[in-house]
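*Asks:* The sequence shown begins at 33 in my numbering and counts up by one.
All C-beta atoms in this analysis are idealised placements derived from N, C-alpha and C, irrespective of residue type, glycine included.
Attaching a single structure in structure tokens format; questions to follow.
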Amino acid sequence: MRLVLLGAPGSGKGTQAKKLMGHFSIPEVSTGEILRKAVDDSTPLGNDARSFMEKGELVPDSIVLGLVHARLKQQDCNKGYIIDGFPRNEAQAAALDKMLSAIGAPITAVVSIEVSRDDLIKRMSGRRICKSCGQVYNIHFLPPRKEGTCDSCGGDFFQRNDDKEDTIKKRLDVYEARKASLIEYYGKRGMLKSITGTGPVHEVFRKVCDAVEGA
Ligand code: AP5
């Protein structure tokens, strides 16, 4: 299965991608995670991407496309993958198709996770991540058993730099401005399945699994 997970910032793409990864034994390819690591490591690419990410803007296609191309060529992607956070616009979608048709391994499913703007804001502002193991929590919806402490490893939490109120709104505006053309791109090709992303994580997971059945 070669799956693209679409959805607004905070819609639960990363949460679902991690569950799918365990279920189907294929890797998650998250452009956001790859870019955040590059920023933290202060690589040249990370230094170029930093200001865009801090402002909640998209990182230029010229940076992101090379990064996706390199990641999908890695051996662990041979049996399939779940892409989360890419494509973000029609140009990226077309570039992905071109990249994959060159190797005869096209995308087999596209699922869009839909969540209301009010819930998205609450999800992002409430997101907390374990500094040690990366487990993602939410102070409103998925709190840890003990406040401020990771259930899995006992680590402390941090908040993403782009989960500040102004940046959250900017990210949502950036997504909304491109959503229709992206949905149309995959809709026209008969590939798009949309699901509601509200409700418990395991219920959303069931809906995603139903949507990708046979892909
Ligand atoms: P990226 O990291 O891709 O962020 P995003 O798309 O903004 O998505 P998020 O990671 O915020 O949310 P998510 O949908 O994964 O939700 P999650 O599962 O964490 O991108 C960051 C930045 O990098 C971009 O702004 C851009 O600058 C750059 N970038 C990345 N890709 C790019 C590209 N292709 N082109 C250009 N630039 C790019 O869940 C969110 C919260 O909700 C968590 O707290 C979680 O616990 C909670 N939650 C999850 N599911 C549920 C549920 N069912 N009920 C209640 N709470 C839930």
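By alpha-carbon positions, which one of Pro138, Ile95, Lys105 ends up nearest to Met33?
*Replies:* Pro138
*Asks:* Look at the Cβ atom of Lys51, then the Cβ atom of Phe237, and state whether they are nearer than 9 Å.
*Replies:* Remark: C-beta atoms of Lys51 and Phe237 approach each other more closely than 9 Å.
*Asks:* Leaving out the 5 sequence neighbours to the left and right, which residues in its chain are closer than 7 Å to Arg248 when beta-carbon positions are compared?
*Replies:* In the structure as shown, the chain starts at 33 and stops at 247, and residue 248 therefore has no counterpart that could be examined.
*Asks:* Tell me whether Ser43, by its Cβ, gets closer than 8 Å to a heavy atom of the ligand AP5.
*Replies:* The answer is yes for Ser43.
*Asks:* Could you round the C-beta distance between Val142 and Val240 to whole angstroms and report it? I think they count as a contact, below 8 Å.
*Replies:* Going by Cβ atoms, the distance from Val142 to Val240 rounds to 11 Å, so no, they are not a contact pair.
*Asks:* What first and last residue would you give for the alpha helix (DSSP H) that runs through Thr47?
*Replies:* 45-56
*Asks:* Should Pro232 be listed as close to the ligand AP5, given that the test is whether its C-beta is under 8 Å from any heavy atom?
*Replies:* yes
*Asks:* Grab me the residues of Leu152's own chain with a C-beta within less than 7 Å of its C-beta, minus the 5 sequence neighbours each way, in chain order.
*Replies:* Ala40, Pro41, Gly42, Ser43, Leu204
*Asks:* Mind checking whether the beta-carbon of Phe190 lies closer than 8 Å to any heavy atom of the ligand AP5?
*Replies:* no
*Asks:* Could you check if Val143 belongs to the surroundings of the ligand AP5, using beta carbon to heavy atom distance under 8 Å?
*Replies:* no
*Asks:* Tell me which residues share the same chain as His101 and place their Cβ nearer than 8 Å to its Cβ, disregarding the 5 neighbours each side in the sequence.
*Replies:* Met131
*Asks:* Please classify Gly46: is it buried, with 16 or more other beta-carbons within 10 angstroms of its beta-carbon, or exposed?
*Replies:* buried
*Asks:* For the segment 191-207 and the segment 163-173, state whether three or more C-beta atom pairs, one from each stretch, are separated by less than 8 Å.
*Replies:* Short answer: they don't touch.
*Asks:* Report all residues from its chain with a CB closer than 6 Å to the CB of Asn79; omit the five preceding and five following residues, and keep chain order.
*Replies:* Cβ neighbours of Asn79 beyond the five flanking positions: none.
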